[in-house]
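Numbering (our numbering), first residue to last: 202 to 561.
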Amino acid sequence: MPEKASIAVVGTGWWATTAHLPAMKAHPRIGKIVLVDRKREAAEAAARTYGIPLDNCYTSVAEAKAAHPDLQGAIVATTHHAHYAAAKDCLDQDLHLLLEKPMTVYARDAKALVEQAAAANLKILMGYTFPYLPPVAQAKRYIDDGLIGDIEYVACSMSSVTYDLLLGHPERFEPAGGFAVTGPTPQTYSEPTVAGGGQGVLQITHLAAMMFHLSPGMRAEVVTAFMNNLRAKVDVIDAMAVRMNTGALATVGSSGNLRPGDPGSVEVHLHGSKGRILVDGFTGEFFMHLHDGRQEHIPRHNPGYPGDVPLAKFVEILLDGADPLFPGRIDGLYTVELLEAAARSAARDGHPIFVRDLYA
Ligand SMILES: NC(=O)c1ccc[n+]([C@@H]2O[C@H](COP(=O)([O-])OP(=O)(O)OC[C@H]3O[C@@H](n4cnc5c(N)ncnc54)[C@H](O)[C@@H]3O)[C@@H](O)[C@H]2O)c1
């Protein structure tokens with residue numbers, strides 16, 4: 202295996218230029234960086250900011266791979282509706298993937314990517330972040346060790362400051378100090394044909410993936426949901442009820458209508474046959490109470506946001522043959538199934554949607 206990783210970044214907008222490119226520039230095991238964006242000017246703006254040769258900018262993955270046959274992997278950070286085509290383009294070029302969330306908008310597309318990757322022996326790491334935090338990793342260890350027993354009920358809730366993005370006003374969302382290179386466009390998170398949905402695909406995707414990560418073997422079977430768009434074209438407030446293949450039941454809810462300064466919550470509260478664990482990725486809180494009386498608590502604190510960790514893990518996949526902690530076939534696919542079923546249910550006023558019917 203080569204000593205340094207050669208990686209293409211596909212989609213060089215807000216998140217690629219905020220998280221992935223700075224992480225790549227700081228990582229000692231990154232060799233070549235190639236930029237692909239269907240808007241050449243977006244790739245070139247990123248190249249200028251991060252000292253990448255303008256000659257390494259392309260408008261298609263095929264063109265980039267033809268010019269750089271040593272590419273090993275790609276980071277896909279396009280807008281949501283473009284994930285499938287961009288990820289497929291990369292798999293077609295024999296590249297391993299670090300794929301931003303949600304994997305795709307439709308379960309059928311996610312399944313196609315999973316199958317294509319498996320057939321070609323390519324790995325897909327989903328770009329989720331919260332499970333790398335120590336309190337979430339602790340919850341995972343305890344659950345894997347059987348401390349809370351069989352999972353019977355999960356209550357998931359996420360609230361965040363995303364309403365301005367969902368309304369199409371990224372300039373109001375702008376972080377202190379401004380966007381690193383460029384912010385999302387007004388359409389990125391507000392226009393259904395670009396965003397593929399609202400709070401569900403933007404935020405619940407984190408929450409649901411955390412739930413599936415913490416609950417091995419669990420997969421949605423039937424989903425009923427209600428959503429409220431408030432004044433946006435996409436969902437802002439979501440309430441879902443889910444029956445899993447294991448028989449476990451879950452509620453998954455979210456609001457994007459918080460205000461800056463509120464840390465929000467991305468909380469998964471798992472109840473098992475031997476006790477319960479609650480863990481929150483925004484506040485770092487961890488609480489466990491077992492039926493035998495044992496309790497553990499990590500109070501609320503600021504656990505930070507591990508936005509650079511997915512890149513570091515991807516490098517280990519490319520150079521050391523590591524396996525993804527959040528593989529596309531579980532955290533990617535199962536999350537998309539839940540989100541698509543919920544969107545279909547909400548469109549029919551809460552009519553129950555069976556996940557198997559997403560593939561009919
Ligand atoms: N993990 C996180 O915390 C986090 C935070 C923010 C965004 N994200 C994710 O990052 C991804 C990108 O979001 P963003 O805010 O940077 O969007 P953006 O609109 O700022 O950038 C997307 C870029 O993709 C390009 N693009 C679109 N379709 C393409 C295609 N088919 N091929 C090549 N380029 C294409 C666009 O021209 C644009 O430059 C989304 O999946 C989003 O959910 C993750």
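Glycine residues also receive a C-beta, built at the ideal position from the N, C-alpha and C atoms.
Whole angstroms are fine: how far does the CA of residue j sit from the CA of residue i?
i       : j       : result
His-472 : His-414 : 15 Å
Ala-548 : Gly-457 : 19 Å
Leu-368 : Gly-482 : 25 Å
Gly-462 : Pro-387 : 23 Å
Pro-203 : Asp-351 : 43 Å
Ala-381 : Thr-218 : 6 Å
Leu-559 : Ala-286 : 19 Å
Val-480 : Ala-340 : 7 Å
Lys-289 : Phe-374 : 31 Å
Gly-378 : Ser-466 : 24 Å
Leu-540 : Leu-314 : 17 Å
Asp-436 : Gln-400 : 6 Å
Phe-515 : Glu-245 : 24 Å
Glu-422 : Ser-416 : 14 Å
Leu-348 : Phe-487 : 14 Å
Ala-220 : Leu-512 : 9 Å
Arg-557 : Glu-538 : 9 Å
Arg-449 : Glu-517 : Here the sequence assigns Ala to residue 449, which means Arg is not the residue at that position. If I take the Cα positions, the gap works out to 34 Å.
Phe-555 : Val-424 : 7 Å
Ala-243 : Leu-222 : 13 Å
Thr-383 : Pro-229 : 25 Å
Val-402 : Leu-520 : 31 Å
Pro-254 : Tyr-364 : 37 Å
Ile-438 : Gly-212 : 28 Å
Tyr-535 : Thr-452 : 15 Å
Ala-283 : Lys-434 : 19 Å
Lys-205 : Gly-232 : 5 Å
Since residue i is in the alpha helix (DSSP H), which residue starts that stretch and which ends it?
i       : result
Arg-249 : 241-251
Phe-488 : Phe-488 -> not in any alpha helix (DSSP H); beta strand (DSSP E) instead, spanning 487-491.
Gln-317 : 308-321
Tyr-354 : First-last for Tyr-354: 352-360, but that is the beta strand (DSSP E), not the alpha helix (DSSP H).
Glu-468 : Careful: Glu-468 lies outside any alpha helix (DSSP H), inside the beta strand (DSSP E) at 466-473.
Gln-339 : 335-345
Glu-497 : Where Glu-497 is concerned, there is no enclosing alpha helix (DSSP H), although the beta strand (DSSP E) it sits in stretches over 496-499.
Ala-263 : 262-268
His-284 : 284-293
Leu-298 : No alpha helix (DSSP H) holds Leu-298; the beta strand (DSSP E) holding it covers 297-300.
Lys-233 : Note, Lys-233: premise wrong, no alpha helix (DSSP H); beta strand (DSSP E) at 231-237.
Would you check whether ligand 1 has a heavy atom nearer than 8 Å to the C-beta of residue i?
i       : result
Glu-301 : yes
Val-424 : no
His-403 : Sequence check: residue 403 is Leu here, not His. At least one heavy atom of ligand 1 is nearer than 8 Å to the Cβ of Leu-403, so yes.
Pro-336 : no
Arg-444 : no
Thr-305 : no
Val-237 : yes
Ala-308 : no
Tyr-251 : no
His-284 : yes
His-414 : no
Pro-223 : no
Lys-514 : no
Val-211 : yes
Lys-240 : yes
Ala-287 : yes
Pro-385 : yes
Gly-369 : no
His-281 : yes
Thr-394 : no
Gly-454 : no
Ala-390 : Ala is not the amino acid found at residue 390; the sequence shown has Tyr there. Yes, since a heavy atom of ligand 1 falls inside the 8 Å radius drawn around the Cβ of Tyr-390.
Ala-220 : yes
What are the start and end residues of the beta strand (DSSP E) that includes residue i?
i       : result
Ile-478 : 476-481
Thr-425 : 421-429
Thr-452 : 450-456
His-370 : Segment: none, His-370 is in no beta strand (DSSP E) and carries neither H nor E.
Arg-444 : 438-445
His-407 : Per DSSP, His-407 belongs to no beta strand (DSSP E); it is in the alpha helix (DSSP H), 406-415.
Ala-275 : 274-277
Ile-208 : 206-211
Leu-326 : 325-327
On the three-pair Cβ rule with 8 Å, is the stretch 255-270 touching the stretch 290-299?
-> The stretch 255-270 is in contact with the stretch 290-299.
Evaluate the contact criterion for the stretch 518-532 versus the stretch 377-394: three or more CB pairs, one atom per stretch, below 8 Å.
-> Output reads no: the stretch 377-394 does not touch the stretch 518-532.
At least 3 beta-carbon pairs within less than 8 Å: the stretch 475-495 vs the stretch 264-282 | By the Cβ criterion, the stretch 475-495 is not in contact with the stretch 264-282, since fewer than three pairs of Cβ atoms, one from each stretch, lie closer than 8 Å.
For the stretch 502-521 and the stretch 323-336, state whether three or more C-beta atom pairs, one from each stretch, are separated by less than 8 Å.
-> The stretch 502-521 vs the stretch 323-336: in contact.
Can we say the stretch 539-548 touches the stretch 418-432, given the rule of at least three CB pairs closer than 8 Å?
-> The stretch 539-548 vs the stretch 418-432: in contact.
Could you say if the stretch 314-328 and the stretch 353-365 meet the contact criterion of at least three C-beta pairs nearer than 8 Å?
-> Contact check between the stretch 314-328 and the stretch 353-365: fewer than three CB pairs, one atom from each, fall below 8 Å, which does not count as touching.
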